[in-house]
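Numbering (this note's numbering), first residue to last: 78 to 223.
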């Protein structure tokens with residue numbers, strides 16, 4: 078005798094369950110909006126160089142003294158400013174820009190090296206070699222468009 082009462086109750090439970098599942102499925106099907114949405118086809122820009130962060134990283138890896146850090150940070154700042162100017166200069170041919178960028182990097186590198194102890198110089202050279210190896214590895218893993 079309780080069957081007529083259970084039937085409508087069971088129907089309501091089943092219908093609400095199906096409806097809830099459909100709503101849940103719709104919510105999951107819609108992609109979440111991107112926090113920093115960018116127009117399609119654009120890649121995110123790299124972070125702007127930070128001379129303080131660069132100095133802290135170098136200090137950590139090479140054990141720089143406070144005096145060395147104080148002298149190296151302006152070198153990074155100057156280098157980063159020169160590189161930004163070169164990259165923004167649209168009048169330079171790409172080949173010339175690349176040569177000038179390499180020249181700025183070599184110049185700042187020699188200034189930094191002059192401030193390091195012999196042990197730090199060896200560690201610095203090792204860090205640069207490791208960076209070059211990682212760069213070459215990434216380039217060899219990237220498929221070329223021929």
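All C-beta atoms in this analysis are idealised placements derived from N, C-alpha and C, irrespective of residue type, glycine included.
DSSP-derived helix/strand/coil call for residue i
{"i": "residue 198", "result": "helix"}
{"i": "residue 165", "result": "helix"}
{"i": "residue 126", "result": "coil"}
{"i": "residue 193", "result": "coil"}
{"i": "residue 143", "result": "helix"}
{"i": "residue 132", "result": "helix"}
{"i": "residue 170", "result": "coil"}
{"i": "residue 206", "result": "helix"}
Beta-carbon contacts of residue i that lie in its chain and below 7 angstroms, excluding the five residues immediately before and after
{"i": "residue 178", "result": "160, 163"}
{"i": "residue 150", "result": "128, 129, 132"}
{"i": "residue 201", "result": "139, 190, 193"}
{"i": "residue 152", "result": "185, 188, 189"}
Alpha carbon of residue i to alpha carbon of residue j, nearest angstrom
{"i": "residue 154", "j": "residue 127", "result": "8 angstroms"}
{"i": "residue 167", "j": "residue 209", "result": "27 angstroms"}
{"i": "residue 169", "j": "residue 199", "result": "35 angstroms"}
Test: residue i CB closer than 8 angstroms to a CB of chain B
{"i": "residue 197", "result": "Structure shown: chain B not included; a single protein chain is present."}
Own chain residues within Cβ distance below 8 angstroms of residue i, not counting five before or after
{"i": "residue 174", "result": "163, 164, 166"}
{"i": "residue 181", "result": "156, 159, 160, 163"}
Own chain partners of residue i with C-beta closer than 6 angstroms, once the 5 adjacent residues on each side are dropped
{"i": "residue 197", "result": "139"}
Answer yes if the stretch 186-201 comes into contact with the stretch 142-151, meaning at least three C-beta pairs across the two stretches below 8 angstroms, and no otherwise.
yes
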